[in-house]
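Residue numbers (this note's numbering): 1 to 331. We treat Cβ as the ideally placed atom computed from N, Cα and C, and that holds for glycine. Quick caveat: nothing in here was measured; it's all calculated off a predicted structure. In what follows, a single structure is set out as structure tokens and then discussed.
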């Protein structure tokens, strides 16, 4: 009982010291990297509903970006621009969107694209949502898969930040959102290419949060679970049997659920943003030197989360061993 009281007192004191600051999207210019499908696409729609002044989408596929615009026809006076090499498409709709074609794994492409975005309008918020996962066994996957995954998931995020952060500093601050994953806080068998990249994203966010706090730049990190996106469907083609079992047999949340959680979390001043209970516990367990998720629960549940983590580790190990034995018996 005394431990709970002490945790409550400590959490209330720390909550007062580290009070969250609300963030408003109204009138803001938000850049969404990877906004042409999945979570990014739904995030664009969620942001438009929050009365942003502009959403700039950065993605490779012109076709997918046109589909995003076409799907937003319920919002008044949408306007978009698609930049790709030497041609520009313009069309009036109900609000305002700019769409830039760019391969974010290429540093020079990102530099050129972000320069165009910055020159068009001051950037208030950057959302790094681009990424991919190629599940498989460590022993079976070529080094090139590890490199390409890191190049897009981590370096694509880094390149965008390197271009936008100096601009934010010049303009008195801003907000940056990193989309990591549940796989960014726990290692999942079958995701040896993906987990390290998403862990790196979390590490980048943690260090930037502290370094850039004096400049008025704030951060959020999102940890989506399995999400029903085109990328997730592609993942399932190469996902090992034990990985499917560990991840819950293919249950996935709708990307709109994640997108709405992102917007609500940022508005509430949250650093950590997760959708499901399992991921929230994993975040508490692996929070590092970061702001509280839920002050009272972070303190009181930390030992519980550690115990649950040990149990989960053994369960995962058992699933891996069972599948391994089954395959070896078949030989």
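| request: Please check the pair residue 133 and residue 104, which I expect to be a contact at CB under 8 Å, by giving their CB distance rounded to whole angstroms. | output: At roughly 16 Å, the Cβ-Cβ gap does not stay under 8 Å, so residue 133 and residue 104 are not in contact.
| Does residue 141 come within less than 7 Å of chain C when only Cβ atoms are used? | This model lacks chain C altogether, as it is built from one protein chain only.
| said: Below 8 Å on the Cβ atoms is my contact criterion, and I expect residue 182 with residue 223 to pass it. Report the Cβ-Cβ distance as a whole number of Å. | reply: 5 Å
| Sheet register partners of residue 278 (DSSP bridge) | DSSP lists no partner for residue 278.
| Bridge partner(s) assigned by DSSP for residue 217 | 174
| Contacting residues, own chain, Cβ-Cβ under 6 Å from residue 66 (five flanking each side not counted) | Excluding residues up to 5 positions away in sequence, nothing lies with its Cβ nearer than 6 Å to the Cβ of residue 66 in the same chain.
| request: Note down the Cα distance separating residue 220 from residue 56, rounded to an integer number of angstroms. | output: 19 Å
| field | Simplified DSSP assignment, three categories, for residue 316 | value | helix
| For residue 123 versus residue 29, is the C-beta distance shorter than 7 Å? | yes
| message | Using a 10 Å radius around the Cβ and a threshold of 16 neighbouring Cβ atoms, would you call residue 418 buried or exposed? | response | Residue 418 lies beyond the residue range present for the chain, which begins at 1 and ends at 331; the question has no answer from this structure.
| request: Out of 20, 142, 39 and 268, point me to the one whose CA is closest to residue 180's CA. | output: With distances taken between Cα atoms, residue 180 lies closest to 39.
| Between the segment 254-270 and the segment 39-51, do at least 3 Cβ pairs fall closer than 8 Å? | yes
| request: Return yes when the Cβ of residue 25 is within less than 7 Å of the Cβ of residue 52, no when it is not. | output: yes
| residue 64: which of 230, 282 and 279 sits nearest, CA to CA? | 230
| query | Span of the beta strand (DSSP E) holding residue 33? | reply | 29-33
| query | On the three-state DSSP scale, how would you describe residue 328? | reply | helix
| said: Please identify the residue among 170, 147, 128 and 169 whose C-alpha is closest to the C-alpha of residue 159. | reply: Of the candidates 170, 147, 128 and 169, the one whose C-alpha sits nearest the C-alpha of residue 159 is 128.
| task | Using alpha carbons as the reference points, say which of 32, 136, 320 and 68 lies closest to residue 195. | result | In terms of Cα proximity to residue 195, the closest of 32, 136, 320 and 68 is 136.
| field | Close Cβ partners of residue 163 (< 8 Å) along its chain, the five nearest in sequence each way excluded | value | 110, 111, 114, 115 and 118
| said: Counting C-beta neighbours from all protein chains within 10 Å, is the total for residue 71 16 or more, i.e. buried, or is it exposed? | reply: exposed
| Excluding five sequence neighbours on each side, which residues of the same chain lie with their C-beta closer than 8 Å to the C-beta of residue 308? | 281 and 285
| Are the Cβ atoms of residue 253 and residue 283 separated by less than 7 Å? | no
| Secondary structure at residue 227, three-state DSSP: helix, strand or coil? | strand
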